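Step one of this worksheet: look at the structure below.
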Amino acid sequence: MTAAVRSRPSLRFRGRSFHAMVLAPEVPVAAWFTDLDEWIQRSPGFFQGRPVVLDVSNLSLSRSALADLLQEFSARGIRIMGLEGADLSGHDLQMPPVLRGGRRENVIDLFAGEEAQASGKINSQIQEGDAHDVESAGALLIETPVRSGQSIMHLEGDVIVVGSVASGAEIIAGGSIHIYGALRGRAIAGAQGRKARIFCRKFEAELLSIDGYYMTADTVEPHLLGRPVQVWLEGDRLMVSIQD
Amino acid sequence: MAKVLVVTSGKGGVGKTTSSAALGTALAQMGQRVVVVDFDVGLRNLDLVMGAERRVVFDLINVVQGEAKLAQALIRDKRLDNLSLLPASQTRDKEALTEEGVGRVIAELKEKFDWVVCDSPAGIERGATLAMRYADLAVVVANPEVSSVRDSDRIIGLLDSKTLKAEKGEPLEKHLLLTRYDAMRAERREMLAVEDVLEILSIPLLGIIPESEEVLRASNVGAPVTLNNPGCAPSRAYQDAARRLTGEMVTMSVPRDKKGSLLGKLFGRRAA
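Protein chains in written order, with my numbering: chain L, 266 to 509; chain V, 12 to 283.
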């Protein structure tokens, strides 16, 4: 058993929610802006650096009217981080993203879509038939070798690879990663928590990570290379042990 | 049924053009009708290796863009009747190739030949993806060194996703051709061993071509090695590989170093 020795604090990823103010202009818009200007005069700097979501569901706006409205806000130094209740057809890419319930809508959500969820992949060159759900828990089973340059991302659960993960490939899993072959690339597990583990039959990894704590190949003790291992998190250290 | 074969690799300089010429010629020597297509637009090497550089009038781009008929651009080999070459253009760039144009040319070639061997440019860009686009099977050329093996792994990933066959959900037959293999250096662990390469890439082995001066000599006189000196070790390896491509079972032998031991050296000298 060994532990990684790190000189720098580790890189961490967290989910976090933020509050944003919502402004909902009402008709007549000109009068509403007059009120807003008065408010800004009373408390200058109120909107400075503050994220604002614009709710336009009360107004039915054309594309140019929406652009004009946004222009009015930017003239007052108010930064609009998203639009709520806007019609997507009237939207262009220079405008802030459209939100629904605080989530972006006009971007392709890689994790929410049905298809993406079934195969759980980004930029992966795996065929549809190759990757499928094992069970409702959402483990992703990959029956082909993961080639250099491929990136398999599956944030809903475990990833099981029946084959090897080549150097230059990466697996990103919400849960644990199980590799029934050689692990030569990167394994990033535990995007959803620190209980995740990484298992592989032949350990030659470039990088290991669980819940944001990571370990590079350099820090791995040489006697572990080529062996079947298990990796888990203890405190803020990655532990690697041989499994035989 | 004509077969479209792409000879590809991630890294340059591993022997794609040499292998395309040698495999194409070996197939032709077996009596198959073969055309070798140079997809390395902008660089053009295959005609040199096949000794046809002075006979190029029209090229692949001319045909793709409809400026010349296929029959005008095809160069028939002087030594083998059933071997032809479709050269690449040196004056245009690879942007001139279109997917539909290439598809049309390949379809036309499939009517005339048994084998369409596509010599792909190195890398993962447009030229390489177009060369592999219509392939029925692929020969991935790699040297026994880590950079070449890793790039080959990347190319195998592309073959599994960017080819028409893969997009239709059909498996694309892939073979590994290990070139410039030096038994002595492999034994000294200066090169990856065959088993290591196979383990990393996990695709079937088509052949191992030993490193040899014969290959360089042949390309300098403008003849594919299998024509220039059919009896030498790399030629025999290419011939075996070509027979395996046609479905024949040929036993694989890993080249061993003949002068390995001191005793062997002594005996070798005495025999000479």
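Don't be surprised by glycine CBs; every beta carbon is placed ideally from N, CA and C.
Since we're looking at a predicted model, the values are computed, not measured.
Cβ atoms of Glu471 (chain L) and Gly450 (chain L): under 7 angstroms apart, would you say?
For Gly450 (chain L) and Glu471 (chain L), yes; Cβs fall inside 7 angstroms.
Kindly list, in the order they appear in chain V, the residues whose Cβ is closer than 8 angstroms to that of Ala431 (chain L).
The contacting residues are Arg161, Asp164, Ile211.
Under a CB-based cut-off of 7 angstroms, is Pro487 (chain L) close to chain V?
By this cut-off, Pro487 (chain L) is not an interface position.
So, for Ile345 (chain L): in the same chain, excluding its five sequence neighbours on each side, which residues have a beta-carbon less than 7 angstroms away from its beta-carbon?
Closer than 7 angstroms at the Cβ level, and outside the excluded window around Ile345 (chain L), lie Val317, Leu319, Leu335, Phe338, Pro361.
Let me confirm a value: Gly367 (chain L) is counted as buried when at least 16 other C-beta atoms fall within 10 Å, else exposed. Which label applies?
For Gly367 (chain L), the pLDDT reaches just 49, beneath the cut-off of 50, and the residue's location in the model is therefore unreliable, although a value from the coordinates is still provided. By the neighbour-count rule (16 or more Cβ atoms within 10 Å), Gly367 (chain L) is not buried but exposed.
If contact is defined by three or more beta carbon pairs under 8 angstroms, each pair taking one atom from either stretch, is the segment 14-28 of chain V in contact with the segment 71-82 of chain V?
The segment 71-82 of chain V vs the segment 14-28 of chain V: no contact.
Going by Cα to Cα distance, which pick from L:Arg459, L:Arg466, L:Gly500, L:Met504 is closest to Thr481 (chain L)?
When each option's Cα is compared against that of Thr481 (chain L), the closest is L:Met504.
Suppose you measure from the CA of Glu222 (chain V) to the CA of Asn154 (chain V); what does that come to, to the nearest Å?
Between Glu222 (chain V) and Asn154 (chain V), the C-alpha separation is close to 10 angstroms.
Cutting at 6 angstroms between CB atoms, please list the residues of its own chain near Phe464 (chain L), excluding the five before and the five after it.
Answer for Phe464 (chain L): His443, Gln495, listed in chain order.
Hey, could you find the ends of the alpha helix (DSSP H) Val48 (chain V) is sitting in?
Not the alpha helix (DSSP H): Val48 (chain V) falls in the beta strand (DSSP E), residues 45-49.
Could you check where the alpha helix (DSSP H) with Asp320 (chain L) kicks off and where it finishes?
Where Asp320 (chain L) is concerned, there is no enclosing alpha helix (DSSP H), although the beta strand (DSSP E) it sits in stretches over 317-320.
Using 8 angstroms as the threshold, is the segment 113-128 of chain V in touch with the segment 77-96 of chain V, meaning 3 or more CB pairs across them?
These segments touch.
Between Ile166 (chain V) and Ser325 (chain L), what straight-line distance do the alpha-carbon atoms span, to the nearest angstrom?
In a straight line, the C-alpha of Ile166 (chain V) is about 51 angstroms away from that of Ser325 (chain L).
Alpha carbon to alpha carbon, how far is Gly342 (chain L) from Ser327 (chain L)?
Cα to Cα, Gly342 (chain L) sits roughly 23 angstroms from Ser327 (chain L).
Under the assumption that Ala434 (chain L) contacts Val411 (chain L) (Cβ atoms under 8 angstroms), give the Cβ distance between them as a whole number of angstroms.
Confirmed, Cβ separation roughly 5 angstroms.
Starting from the Cα of Leu498 (chain L), find the closest Cα among L:Trp297, L:Tyr479, L:Trp304 and give me that residue.
Measuring from the Cα of Leu498 (chain L), the nearest candidate turns out to be L:Tyr479.
Measure from the C-beta of Ile167 (chain V) to each C-beta in chain L and report whether the shortest distance is under 7 angstroms.
Chain L, which has a Cβ nearer than 7 angstroms to the Cβ of Ile167 (chain V), makes this yes.
Please report whether the beta-carbon of Arg451 (chain L) lies at a distance below 7 angstroms from any beta-carbon of chain V.
It does not; no Cβ of chain V falls within 7 angstroms.
Does DSSP put Gly218 (chain V) in a helix, in a strand, or in coil?
Three-state result, Gly218 (chain V): strand.
In this structure, what does DSSP give as the bridge partners for Asp130 (chain V)?
Looking at the DSSP assignment, Asp130 (chain V) forms a beta bridge with V:Val18, V:Asp49.
Give the residues of chain V in contact with Ser413 (chain L), contact being defined as C-beta atoms less than 8 angstroms apart.
Simply Arg161, Asp162, Asp164, Arg165, Gly168.
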